[in-house]
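> Chains as they are written, first to last, in numbering that gives the first Met the number 0: chain A, 0 to 323; chain B, 0 to 512.
Here a beta-carbon is modelled for each residue, glycine too, at the ideal position from N, C-alpha and C.
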Amino acid sequence: MRARWAWTITVIILVGIMFSYTQDELRTTSVLSFSLRYAIPLIIAAMVGLVCERSGVINIGIEGQLLMSAFAGFFGAAATGSLIIGTLFGIGTGLIMGAVFATGAVAWKMDQIISGTIINIIATGLTSFFYAQGQVLPASTPVVAIPYLKDLPLVGPVLFNNGLFTYAAIIIVIFLQIMLFLTIWGLRTRAVGENPSAADTSGINVQRTRFINVTLAGGLAGVAGAYLSLEAAGTFERGFTAGRGFTALAIMIFGAWNPVGAFAAALFFGLTQGVASQLQADEVVDIPPQFINMLPYVLTIVLLAVVAGRVRPPAAVGKPYEKD
Amino acid sequence: MDDELVLEVTGLTKRFPGVVANEDVSLTVHKGEIVALLGENGAGKSTLVKMIYGLYRPDEGEIRIKGETVRLSGPREAIRRGVGMVHQHFQLVPVFTVAENVILGNEPRKLSFIEKRKAIKEVTALAEKNGMAVDPKALVRDLPVGAQQRVEILKALYRRADILIMDEPTAVLTPQETDELLKTMKGFAANGVAVIFITHKLREVLAIADKIEVLRSGKVVGTTTPAEADQAKLAQMMVGRSVLLSVEKSTSSPKEIVLDVVGLSSDSDIGLPAVREVNLTVRSGEIVGIAGVEGNGQRELVEALTGIRKSTATKFAINDENAIGADPHEIHSMHVGHVPEDREKDGLVGQYSIANNMVLNRFDEPEFSRRGIRNMDAVNGLATKLVKEFDVRTPSIKTPANSLSGGNKQKVVIARELSANPSLLIASQPTRGVDVGSIEFIHSQIISARDNGAAVLLVSAELDEVLGLSDRILVMYDGEIVAELESADADRAEIGRLMAGGHAVMAEESSHG
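#1: Please tell me whether A:T165 and A:I39 are closer than 8 Å, where the distance is taken between their beta carbons.
#2: Among residues of its own chain, excluding the 5 on either side of B:I396, which ones have a beta-carbon nearer than 7 Å to its beta-carbon?
#3: So within the stretch 178-224 of chain B, which uninterrupted beta strand (DSSP E) runs reach at least 3 residues, ignoring any that extend past its ends?
#4: Can you pull the chain A residues whose beta carbon is under 7 Å from the beta carbon of B:I113, in chain order?
#5: Quickly, what does DSSP pair A:L303 with across the bridge? List them, please.
#6: Report the neighbours of A:E193 on chain B: residues whose CB is nearer than 9 Å to its CB, in chain order.
#7: Where does A:M17 fall in DSSP's three states?
#8: Please check if any C-beta of chain A sits within less than 8 Å of the C-beta of B:M50.
#9: Tell whether a beta-carbon distance below 8 Å holds between B:V101 and B:K44.
#10: Rounded to a whole number of angstroms, what is the C-alpha to C-alpha distance between B:A189 and B:L156?
#11: Using CA atoms only, rank isn't needed, just tell me which of B:G288, B:P107, B:P399 is closest to B:A487.
#12: When we look at the beta-carbon of B:T68 and count the other beta-carbons within 10 Å, is it buried (16 or more) or exposed?
#13: If you follow the alpha helix (DSSP H) that B:M165 is part of, which residue opens it and which one closes it?
#14: Using the Cα positions of A:M251 and B:H331, report the straight-line distance between them to the nearest angstrom.
#15: Please state the DSSP three-state secondary structure of A:F174.
#16: If you drop the 5 nearest sequence neighbours on each side, which residues of the same chain put their C-beta closer than 6 Å to that of A:Y20?
#17: Report yes if the CB atom of A:Q349 is closer than 8 Å to the CB atom of A:V50, and no otherwise.
#18: Going by DSSP, name the residue or residues bridged to B:K109.
#19: Between A:D199 and chain B, is any beta-carbon pair separated by less than 8 Å?
#20: Let me know the secondary structure DSSP gives B:N451 once reduced to three states.
#21: Should B:I197 go down as buried or exposed, given a rule of 16 or more other Cβ atoms within 10 Å for buried?
#22: Considering only residues of the stretch 422-451 of chain B, which uninterrupted beta strand (DSSP E) runs meet the minimum length of 3 residues and lie entirely inside it, listed in chain order?
#23: Could you tell me whether any Cβ in chain A is nearer than 8 Å to the Cβ of B:M165?
#24: Determine the contact status of B:A489 and B:L466, defining contact as a CB-CB distance below 8 Å.
#25: Are any of the Cβ atoms in chain B nearer than 8 Å to that of A:G202?
#26: Sorted by chain position, which residues of the same chain lie with C-beta nearer than 8 Å to A:M178's C-beta, five sequence neighbours on each side aside?
#27: Is B:L71 near B:G83, with beta carbons less than 8 Å apart?
#28: Going by C-alpha distance, which of B:A170, B:G186, B:R116, B:G145 is nearest B:K128?
#29: With 16 other CB atoms within 10 Å as the buried threshold, where does B:N295 fall?
#30: If you check the beta carbons only, do A:T92 and A:R237 fall under 8 Å apart?
#31: If you count every other CB in all the chains shown that lies within 10 Å of the CB of B:P365, and 16 or more means buried, which is it?
#32: To the nearest angstrom, how far is it from the Cα of A:Y147 to the Cα of A:D23?
#33: In chain B, which residues lie less than 9 Å from A:A190 when you measure between Cβ atoms?
#34: I want to verify the contact list: residues of chain B whose CB lies under 7 Å from the CB of A:S196, in sequence order.
#35: Taking B:P399 and B:G432 to be in contact with their CB atoms under 8 Å, please state how far apart those CB atoms are, rounded to whole angstroms.
#36: On the DSSP letters alone, give me the boundaries of the alpha helix (DSSP H) that B:L153 sits inside.
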């Protein structure tokens with residue numbers, strides 16, 4: 000039932016996009032590009048939540064992980080003068096934050112919500128304290144156009160003329176979809192998230208699986224954070240992740256804990272934001288910008304209210320694993 | 000049976016804080032042998048097999064598997080050495096398919112990818128070879144309990160287990176499924192698999208074991224064979240004193256009607272009719288037993304009668320008081336005691352102390368609280384008295400309920416419900432997972448409640464229990480009461496046939512009672 004709904008909505012949206020493309024090529028392309036840019040960090044951050052929750056760990060510290068790695072990415076790049084080193088700083092910081100969270104939530108079996116909150120508080124504190132004004136990036140991230148594909152109508156300029164992070168996000172989604180449902184890692188990870196005691200008695204090390212997955216997911220948060228400061232904004236401000244880590248969790252739920260589903264959900268979020276901004280810029284609708292900026296948060300609440308109870312989270316999510 | 004020794008355990012000791020779970024336990028198992036581990040709950044059977052399976056590490060002693068002394072680091076190593084275990088609480092992932100559950104941890108692989116088709120083929124072949132029908136592509140959550148257990152067994156066989164541990168495998172099965180399983184286990188033994196079979200059902204032990212090891216308080220107190228032992232002797236070895244296996248009770252003298260139900264219907268969790276137009280009366284001073292294969296509406300009926308589940312009825316009265324639409328608290332205050340089927344889930348709060356569990360549904364009564372302040376002296380006083388009276392074996396009344404053994408947990412529930420002197424007691428599976436000694440005790444408590452004038456409605460999947468305790472027997476099938484029998488003229492085979500959906504030969508018109 001849910002799948003049919005999802006398909007119906009997707010088809011309606013696609014038809015709408017085609018129609019709008021025949022009416023106004025330029026605007027459509029620009030709205031879609033905006034939507035994709037908006038969606039990318041949400042997609043990657045949703046993958047962080049997804050890998051953690053599929054392993055049975057609720058990660059509400061994504062927000063903090065994003066903030067820390069955006070910070071490290073930006074100042075790393077500004078200090079060393081290299082975007083690549085900045086990116087590596089971001090990913091490294093993400094991995095460390097992931098490992099710190101895993102230490103609390105998995106190894107020490109702390110309450111997962113509290114562990115995540117600690118991550119968020121640490122991140123806000125550190126990034127605000129060490130924040131310095133007047134830093135600039137050495138360069139803006141390169142845009143890579145893929146030959147031939149970029150010349151396709153509509154999809155060419157939207158999908159195949161982007162920064163590297165955008166391609167990375169798409170690859171990550173497909174990679175995770177395959178990993179989760181076709182590989183041994185995926186089967187074991189899902190088993191650990193559904194019934195850890197069954198996994199344990201089948202000879203799978205539950206704690207190790209969770210620790211590794213949560214840490215690696217932190218690395219993904221590093222990618223998303225680096226994208227935010229290095230490619231999307233080109234700068235860093237205090238608290239500038241603006242709740243994306245939490246929105247990502249909503250997207251993960253809306254996508255029913257499926258990578259491709261979450262990808263579609265994030266695009267839907269982006270599209271809503273893109274269309275609203277465009278309508279406002281064209282003065283088609285006269286809405287104060289504050290309301291436009293509210294949109295992702297309102298949408299999060301509405302969608303969660305609609306979806307809640309219809310999708311089923313991994314059964315063991317949120318519970319530290321105790322033998323017996 | 001072969002002479003080859005596959006498992007040798009010597010001097011195994013395991014201590015937990017405050018208890019010695021196993022003390023100097025020794026055991027040998029040969030190839031193709033079925034060894035039954037018999038003992039009361041808390042006798043240390045599970046601890047012993049968990050050490051053999053690598054889940055616990057022994058404090059002292061030695062485990063030799065196929066002649067090699069091992070120090071198992073965990074289940075993975077035990078599995079590698081050919082030890083398989085069928086757990087009492089199934090270790091399955093409900094949203095996975097049968098095949099996925101079976102291969103989990105030992106997946107057929109190409110690079111890192113699972114070879115799904117190969118997995119399905121292997122599982123199908125394995126199931127066929129062992130005469131166990133399952134669809135490898137079915138989701139485990141859609142399967143009945145018996146089939147889930149087959150998946151659990153296949154899991155062990157898939158890992159080439161030649162020492163198969165089965166922890167109370169028949170506790171969750173219907174009589175038919177049990178017979179099927181016992182046959183399957185004999186088949187394994189014939190194929191050279193050594194089976195370690197934990198149970199406290201004496202009949203099963205005598206039916207299939209080659210050797211019986213009896214455990215009591217963590218020690219092996221005797222080794223025997225079915226040829227040398229009978230039920231009475233085994234029970235005595237388990238408990239350490241002679242036990243009355245059959246229930247002794249005087250004839251009932253039913254008085255006024257306490258529970259009066261006409262046309263009660265209720266739906267299952269998924270909204271299908273589960274109880275259909277049931278008519279039922281229970282009088283003061285009698286025990287009415289409901290026999291039936293589990294899943295025929297008994298659970299829904301009990302929940303409807305205790306106000307937990309919504310129901311419709313033409314008449315539903317307790318002591319002439321209308322109970323239609325009453326919630327569990329209102330029903331409780333009509334002097335109804337309820338021993339729920341799932342004590343862990345519905346009968347106790349595991350983290351609470353025994354004392355708090357003893358007043359779980361009465362803590363707000365004037366005796367135990369005044370103006371919102373609890374009177375702990377009264378609570379503790381009652382708890383101390385009940386623990387003694389009902390022989391709950393616990394270090395203290397402050398002990399959390401979930402650290403007790405199954406039998407002692409059940410005694411806490413029974414003590415709480417009976418201490419309120421209910422005029423109606425609804426007891427569902429009162430001795431499920433309870434050891435022989437406690438069963439005897441619980442049965443005698445139920446009978447004395449009857450003799451003191453309580454009306455008792457007993458629901459049990461154990462036909463012997465229904466036959467032994469009841470003054471009147473109702474058979475439930477597909478949500479309906481299909482027959483009513485006086486216990487005097489109840490015949491085991493006849494009831495079995497009725498439980499399986501056979502039509503009543505005896506008069507059905509009296510089902511209103």
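Short version:
#1: For this step, residue 165 of chain A is matched to residue 166 along the first sequence. For this step, residue 39 of chain A is matched to residue 40 along the first sequence. Contact: yes.
#2: Taking the second sequence and counting its residues from 1, the one referred to as residue 396 of chain B is at position 397. These residues qualify, in order along the chain: S352, I353, A354, N379, A382, T383, V386.
#3: 193-198, 210-215, 218-223
#4: One-based indexing of the second sequence puts residue 113 of chain B at position 114. Those are L181, T182, I183, L186, listed as they occur along chain A.
#5: Residue mapping note: residue 303 of chain A aligns to position 304 of the first sequence, counting from 1. BP columns for A:L303 are empty, so no partner.
#6: As a first step, residue 193 of chain A must be located in the first sequence, where it is residue number 194. What A:E193 touches in chain B: V92, P93, V94, F95.
#7: The residue labelled residue 17 of chain A in the question sits at position 18 within the first sequence. Three-state DSSP puts A:M17 in a helix.
#8: Position 51 of the second sequence holds residue 50 of chain B. By this cut-off, B:M50 is not an interface position.
#9: Indexing the second sequence from 1 puts residue 101 of chain B at position 102. Indexing the second sequence from 1 puts residue 44 of chain B at position 45. Cβ distance not < 8 Å, so B:V101 and B:K44 don't count as in contact.
#10: Start at 1 with the first residue of the second sequence, and residue 189 of chain B comes out as number 190. Start at 1 with the first residue of the second sequence, and residue 156 of chain B comes out as number 157. Spanning the two alpha carbons is a distance of roughly 14 Å.
#11: Position 488 of the second sequence, counted from the start, is the residue given in the question as residue 487 of chain B. Measuring from the Cα of B:A487, the nearest candidate turns out to be B:G288.
#12: What you label residue 68 of chain B is simply residue 69 of the second sequence in a count that begins at 1. B:T68 is exposed by the Cβ-count criterion.
#13: As a working note, residue 165 of chain B is residue 166 in the second sequence. Element bounds for B:M165: not the alpha helix (DSSP H) but the beta strand (DSSP E), 162-166.
#14: The residue labelled residue 251 of chain A in the question sits at position 252 within the first sequence. The residue labelled residue 331 of chain B in the question sits at position 332 within the second sequence. So the two alpha carbons sit approximately 44 Å from each other.
#15: In the first sequence, residue 174 of chain A corresponds to position 175, counting from 1. Of the three classes helix, strand and coil, the one that applies to A:F174 here is helix, per DSSP.
#16: Start at 1 with the first residue of the first sequence, and residue 20 of chain A comes out as number 21. So the list reads T27, L153, once near-sequence residues are dropped.
#17: This structure cannot settle anything about residue 349 of chain A, because the visible part of chain A is limited to 0 through 323.
#18: Locating residue 109 of chain B in the second sequence gives position 110, where the first residue counts as 1. Answer is B:F112.
#19: In the first sequence, the residue the question calls residue 199 of chain A occupies position 200. Yes, A:D199 lies at the interface with chain B (some Cβ there is under 8 Å from its Cβ).
#20: Counting from one through the second sequence, the residue named residue 451 of chain B turns up at place 452. Coil, per DSSP.
#21: Position 198 of the second sequence, counting from 1, holds the residue named residue 197 of chain B. Result: buried.
#22: 423-427
#23: Here residue 165 of chain B refers to the residue found at position 166 when the second sequence is read from its first residue. No - not a single Cβ of chain A is within 8 Å of the one on B:M165.
#24: As a first step, residue 489 of chain B is located in the second sequence; it is residue number 490 there, counting from the start. As a first step, residue 466 of chain B is located in the second sequence; it is residue number 467 there, counting from the start. In this structure, B:L466 lies closer than 8 Å to B:A489 by Cβ.
#25: In the first sequence, residue 202 of chain A corresponds to position 203, counting from 1. At least one chain B Cβ lies under 8 Å of A:G202.
#26: Sequence index remark: in the first sequence, residue 178 of chain A carries index 179 (1-based). W184, G185, listed in sequence order.
#27: As a first step, residue 71 of chain B is located in the second sequence; it is residue number 72 there, counting from the start. As a first step, residue 83 of chain B is located in the second sequence; it is residue number 84 there, counting from the start. No, they are not a contact pair.
#28: Reading the second sequence from its first residue, position 129 is the one you call residue 128 of chain B. The shortest Cα separation from B:K128 among B:A170, B:G186, B:R116, B:G145 belongs to B:G186.
#29: Reading the second sequence from its first residue, position 296 is the one you call residue 295 of chain B. Label assigned to B:N295: buried.
#30: Residue numbering aside, residue 92 of chain A sits at position 93 when the first sequence is read from its first letter. Residue numbering aside, residue 237 of chain A sits at position 238 when the first sequence is read from its first letter. No.
#31: As a working note, residue 365 of chain B is residue 366 in the second sequence. It counts as exposed.
#32: Residue numbering aside, residue 147 of chain A sits at position 148 when the first sequence is read from its first letter. Residue numbering aside, residue 23 of chain A sits at position 24 when the first sequence is read from its first letter. Spanning the two alpha carbons is a distance of roughly 23 Å.
#33: Position 191 of the first sequence, counted from the first residue, corresponds to residue 190 of chain A. Ordered by position in chain B, the residues that pass the 9 Å Cβ test against A:A190 are V92, F95, E99, N100, L103, G104.
#34: Position 197 of the first sequence, counted from the start, is the residue given in the question as residue 196 of chain A. In chain order: Q90.
#35: Locating residue 399 of chain B in the second sequence gives position 400, where the first residue counts as 1. Locating residue 432 of chain B in the second sequence gives position 433, where the first residue counts as 1. At roughly 19 Å, the Cβ-Cβ gap does not stay under 8 Å, so B:P399 and B:G432 are not in contact.
#36: In the second sequence, the residue the question calls residue 153 of chain B occupies position 154. Segment 144-157, the alpha helix (DSSP H) holding B:L153.
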